[in-house]
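Protein sequences, first through last, are from chains B and W. Numbered per my numbering, the first sequence spans residues 1 to 115. Numbered per my numbering, the second sequence spans residues 1001 to 1199.
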Amino acid sequence: MLHVSDTVVARVAAYHACRVPGVLRLRPDLAQSLASIATRLFPPRDGEHRIPTDGVTAVIEAGRAEISITLVAQWGRNCRDLAEEVQNQVAEHVGAYTGLPATVTITITDVDYTG
Amino acid sequence: MAVNGIHSQPDTAALACGQDAATVWDRAATGRLGTHDRDCPHCRAVADDQRVLAMAIDALNDQAMEPPPSLVDHVMGAVLTELRPADYLPLPTRHGRARIDRIAAAVVLRHAVDQMTALRVRSCRLHLIEPLASPDTHTPTAVWVHISVTARFGTDLFSATARVRQMILTAAEDLLGLPITAVDVDVVDLFADPARGTH
């Protein structure tokens, strides 16, 4: 039986969430930002390129993945439709890759003109 | 003096020639290598290692630490997000929970009304009339918009405010996907427009 960690689910979710048209970027919290900066300044010694999980948290409980994604939306995109699209895409890809059914919660923190 | 009966070992590493490696290292670092140090292959190896390490350290010291260009924006964005009170409006999606920051939603609506030349928006606030008792996304939500504007002197206030309501409802549906229950428009002041001779 396949077992995957929370981190694996978070990386898959982040990878696919930021590829949905209308998602400008994922919004990390402060801890994730500082960790990201530290990683850029001091790359891992093993040389691996790690897919960032900024803006994504994932918890596997009772055989389900609970994923929370915080993002900045592109101006002009319908926020509700965008949230639904991210939920669908992420749940589908996480399910296909890990075999875990996923529930995806979306938080839109900003709508940005600049994208 | 030995502690607990264990004799402490001197913190040295003797080379095959009998010299202490740390002492040779120190002499190499301070440029005080003796004749033996230079002739002995063991001591010379230690001195070579010291030289290579010193060169590497010097090279690193010469490199200016350039922070990523977006560092400040990155950190400030995260700090502001953390510090700003979490205040969200639920978005009625079919799969899972979704929500949008209340201020971000207000900015979108405000921008729509700002397209009107006869009005200027002073403030725009969104209120959740019936806070969600549960995270059930199918629970209908009622969002009330309160917008205050200044109007150009001479503007027909009745038609202008009706237009504001319509723009708010359209923008909320098209750009946010957020159903709006009511829109209150307050005209809080008038402004003159010299170009139109209204001063």
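For each residue, glycine too, the CB sits at the ideal point set by N, CA and C.
query                                                                                                                                                                       : result
Do you know offhand how far B/Ala38's Cα is from B/Ile60's?                                                                                                                 : 27 Å
Of all the beta strand (DSSP E) runs that stay within the bounds of the region 1072-1151 of chain W, which reach a length of 3 or more residues?                            : 1088-1090, 1098-1101, 1119-1128
In the DSSP assignment, find the unbroken beta strand (DSSP E) run with B/Ile67 in it and report its ends.                                                                  : 64-74
Sort out for me which residues DSSP pairs W/Phe980 with in a bridge.                                                                                                        : For chain W, the structure presents residues 1001 to 1199; residue 980 of chain W sits outside this window and is missing.
Does the CB of B/Ile106 have a neighbour CB from chain W at under 8 Å?                                                                                                      : yes
Mind the definition here: the region 1187-1196 of chain W touches the region 1096-1106 of chain W only if three or more C-beta pairs lie below 8 Å; say whether that holds. : no
Would you mind reading off the limits of the alpha helix (DSSP H) that contains B/Glu61?                                                                                    : Not the alpha helix (DSSP H): B/Glu61 falls in the beta strand (DSSP E), residues 56-61.
Could you check whether B/Gln87 and B/Val104 sit closer than 8 Å to each other, using their CB atoms as the reference points?                                               : yes
Within this structure, are the beta carbons of W/Leu1175 and B/Asn78 separated by less than 8 Å?                                                                            : yes
I'd like the span of the beta strand (DSSP E) that includes B/Thr105, first residue to last.                                                                                : 102-112
Taking B/Asp81 as the query, report the chain W residues whose CB atoms sit under 9 Å from its CB, ordered along the chain.                                                 : Thr1093, Gly1177
Would B/Ala73 and B/Val23 qualify as a contact pair, given that the criterion is a beta-carbon distance under 8 Å?                                                          : yes
Please report whether the beta-carbon of B/Ser33 lies at a distance below 8 Å from any beta-carbon of chain W.                                                              : yes
Taking the alpha-carbon positions, what's the W/Met1167 to W/Asp1156 distance?                                                                                              : 16 Å
Residues in its own chain within less than 8 Å of B/Leu2 by CB, not counting five upstream and five downstream?                                                             : Thr98, Gly99
If you compare alpha carbons, which of W/Ala1118, W/Val1075, W/Pro1179, W/Ala1106 is closest to B/Glu35?                                                                    : Glu is not the amino acid found at residue 35 of chain B; the sequence shown has Ala there. It is W/Val1075 whose Cα lies nearest to the Cα of B/Ala35.
If you draw a straight line from the alpha carbon of W/Val1052 to that of W/Ala1021, how long is it in whole angstroms?                                                     : 16 Å
Quick check on DSSP: helix, strand or coil for B/Arg19?                                                                                                                     : coil
If we cut at 8 Å on Cβ distances, does B/Thr103 have a partner in chain D?                                                                                                  : Of the protein chains in the structure, B and W, none is chain D.
Name the residues in the region 1082-1115 of chain W whose C-beta lies less than 7 Å from a C-beta of chain B; which are they?                                              : Glu1082, Tyr1088, Leu1091, Pro1092, Thr1093, Arg1094, His1095, Gly1096, Arg1097, Ala1098, Arg1099, Ile1100, Asp1101, Ala1104, Val1107, Val1108
To the nearest angstrom, report how far apart W/Val1128 and W/His1146 are at their CA atoms.                                                                                : According to the sequence as given, residue 1128 of chain W is Leu; it is not Val. If I take the Cα positions, the gap works out to 11 Å.
My guess is that B/Thr107 and B/Thr57 are in contact by the Cβ rule of under 8 Å, so how many angstroms apart are they, rounded?                                            : Contact flag wrong, Cβ pair sits at about 11 Å.
What does the alpha-carbon distance come out to for the pair W/Val1113 and B/Leu41?                                                                                         : 44 Å
Ordered along the chain, which non-local residues of its own chain (more than five positions away) have a Cβ less than 7 Å from that of W/Ala1106?                          : Cys1124, Arg1125, Leu1126
Report the rounded CA-to-CA distance for W/Val1046 versus B/His49, giving the unit in angstroms.                                                                            : 36 Å
Straight-line CA distance for W/Val1079 to B/Thr114?                                                                                                                        : 20 Å
Which of the three DSSP states is assigned to W/Ile1180 in this structure?                                                                                                  : strand
Determine whether the beta carbon atoms of W/Asp1049 and W/Cys1043 lie at a separation below 8 Å.                                                                           : no
Could you please tell me which residues of the region 8-42 of chain B, in chain order, have their CB closer than 7 Å to any CB of chain W?                                  : Arg27, Pro28, Asp29, Leu30, Ser33, Ile37, Arg40
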